[in-house]
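Per UniProt numbering, the sequence shown starts with residue 57, numbered consecutively.
Glycine residues also receive a C-beta, built at the ideal position from the N, C-alpha and C atoms.
All of these numbers come straight from a predicted model, not from anything done at the bench.
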Amino acid sequence: SEVSILSGNPTQVWMYQGEVLQGDPSSLQSIPDSYLGPIFRVRQGQHIRIHFVNELSEASIIHWHGLLLPEAMDAHPGYAIASGETYTYDFEVVNRAGTYWYHPHPHGSTATQVYNGLAGLFIVSDDEESTLSLPANGYDIPLVFQDRSFDADNQLVYISGGMMTQMMTEMMGFLGDNILVNGKADFELDVETRAYRLRLLNGSNFRMLKLGWEDGTPLTVIGTDGGLLETPVERPYVTLSPGERVELWADFNGRTIGSQLLLKSLPFSGVEMGGMMMGGMEMPETTTLPQGEEYTVLKVNIVQESTETLTLPERLSTIQRYALSDAINADAPRTFEIAMINEAWSLNGRTFQMDAVADDEIVQANSLEVWEFVNVVNGGGMGNMPGHDMGNMGGNDDVMTEDQMAHPMHVHGVQFQILERTVDDAFREGWETISAGYVDEGWKDTVLLMPGERVKLLMRFGSDLGLYVFHCHNLEHEDLGLMRNYRVE
Ligand code: C2O
Ligand code: CU
Ligand code: CU
């Protein structure tokens, strides 16, 4: 399809276009003049059937990010259907109220398909949430952030430049020159002087956001990936990596009509490899908007007086905390080390293989486990060179700084709780530029690991048996193999 993103010529995009065949027509809301797919609005307990018709010229499949689903509904890459085929989803929504999303998941082309426009929100409501007076309807605003680059003709450009640029982008991740909000460049939000519920999704391939109001007003966070927090929390800024969602309570009461408030991505450092890598070759600059620079992501215009005064609820929901002592492996976390080996990203030394499941990738249905992701690799300085013996992993204290990057790790089939984070001292400086923006209090399905960071998670697997994936949500890393199966038995 064509949509207008920049002024002037329209842009060719790929789109999810949906219609309701049966049931409540308001369960699908399209976003006018945007490439984003329609927003699903469903209730917990609702049974839905979705026919996915693949009119692309390549294979694809839709993954419902954050939803708890049986294997055949979850879009393991092995379920990808060919051009012209149809896949029918049929499932009950068991998740609690929250902001989930959907996007393609064919192995090796997730990054390009999402980049071309395929993504949408999946919003669930439930009875617990309905007892609260949260801003609703026109005051409940989804904000999807994605970065894109365009050519002189307004057409999307993914990887441009020579071989070296292409290789670098595939290895590190794509960064675009423009921040789009809900599919629009220079997006502005007109608001009244009252409270809003803002549902934020970072739908970028690789770009991390460190979101803060320009005037230093703290952000009030009411929800994370898996729905509402127990109580609102305040942050000076919020760190949002690809795949993550956060819900804000934003009250514009008391602001001057005619004024403008900017939401910015604030400066940070330390998320990607240094300026040199692989034997000292210089990395080309791929964007006019480098990761970690300060820039505006959203302009909020205060346009109208409102007499509506909503108060922020002191209590939002009940979250049953998992206890470490209840985990079946409380003393021995299931550990996955993220490393670059032979120019590919790997988990415990392995890259994605469609059907492969290693011994340490098998879990028991309904069990509560501790998982630990480790983004610190000890090894020799040139450990990433092809043909290099990686037998020294873990056996050497030299930290391989050139290979460390931030990785937002996502696990299918569960919502988890974050138990603990630790950071290696050698990386603390960069870590401290973003760590005050972590919101680890609630349910999560994606967790950012900065270089040098280890994160322990508590997760309970479902009763559905089968093959699920876990992966880095930096989509270029995922496509390059930073993904593995795990099997529920
Ligand atoms: Cu949002 Cu497997 O991904
Ligand atoms: Cu997912
Ligand atoms: Cu990654």
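Within the DSSP bridge table, the entry for residue 324 names no partner.
Annotated three-state conformation of residue 76 is coil, per DSSP. Those residues placing their Cβ nearer than 5 Å to any heavy atom of ligand 2 are, following chain order, 121 and 468. According to DSSP, residue pairing for residue 419 in a beta bridge involves 544. Below 8 Å, enough C-beta pairs join the region 265–278 and the region 300–308 to call them touching: three or more. Per DSSP, residue 311 is not a residue of any alpha helix (DSSP H), being assigned neither H nor E. Residue 305 sits in a strand when the DSSP states are folded into three classes. By the C-beta density criterion, residue 532 is buried, having at least 16 other C-beta atoms within 10 angstroms. For residue 518, the shortest C-beta to heavy atom distance toward ligand 1 is 7 Å or greater.
In the DSSP secondary-structure assignment, residue 241 is bridged to 236. Sixteen is the threshold: when 16 or more other Cβ atoms of the shown chains lie within 10 Å of the Cβ of residue 238, as they do, the residue is buried.
A Cβ-Cβ separation of about 5 Å places residue 181 in contact with residue 153 under the 8 Å criterion. When DSSP states are grouped into helix, strand and coil, residue 185 belongs to the helix group. Counting only runs of 3 or more residues that sit fully inside the UniProt domain "Plastocyanin-like" (77–184), the beta strand (DSSP E) segments are 95–99, 103–109, 118–121, 142–148, 154–160 and 176–181, in chain order. Take the alpha-carbon of residue 474 and the one of residue 427: they are about 10 Å apart.
Here residue 408 carries a coil assignment [DSSP, helix/strand/coil].
The beta-bridge partner set that DSSP reports for residue 424 consists of 516.
Annotation for residue 245: 356 place their beta carbon closer than 6 Å to its own, counting only its chain and skipping 5 residues before and after. Sequence-distant Cβ neighbours of residue 123 in its own chain, meaning closer than 6 Å and more than five residues away, are 151 and 156. The region 225–236 and the region 196–207 touch, with no fewer than 3 CB-CB distances between them shorter than 8 Å.
Between residue 368 and residue 288, the C-beta spacing is below 8 Å. For secondary structure counted as the beta strand (DSSP E) over 3 or more consecutive residues, the region 360–410 holds these complete runs in sequence order: 390–397 and 400–403. In the structure shown, residue 504 falls within a strand segment according to DSSP collapsed to helix, strand and coil. Within the model, the alpha-carbon separation for residue 132 versus residue 410 is close to 9 Å. Judged by pairs of C-beta atoms under 8 Å, the region 409–424 touches the region 505–525, as three or more such pairs exist. Assigned with DSSP and collapsed to three states, residue 491 falls in helix. Distance from the C-beta of residue 163 to the nearest heavy atom of ligand 1 is not below 7 Å. Sorting 116, 167, 384 and 264 by C-alpha distance to the C-alpha of residue 328 places 264 at the top.
DSSP, read as helix, strand or coil, puts residue 206 in strand.
For residue 295, the uninterrupted beta strand (DSSP E) run begins and ends at 294–296, by DSSP. By the neighbour-count criterion, in which 16 or more other beta carbons inside 10 Å mark a residue as buried, residue 76 falls on the exposed side. Beta-bridge pairing by DSSP links residue 248 to 360. Taking residue 488 as reference, the option from 392, 266 and 271 with the minimal CA-CA separation is 266. In terms of side-chain proximity, the C-beta atom of residue 515 is found no nearer than 7 Å to any non-hydrogen atom of ligand 3. Under DSSP, residue 284 forms a beta bridge with 279.
Residue 375 and residue 183 have their C-alpha atoms some 15 Å from each other.
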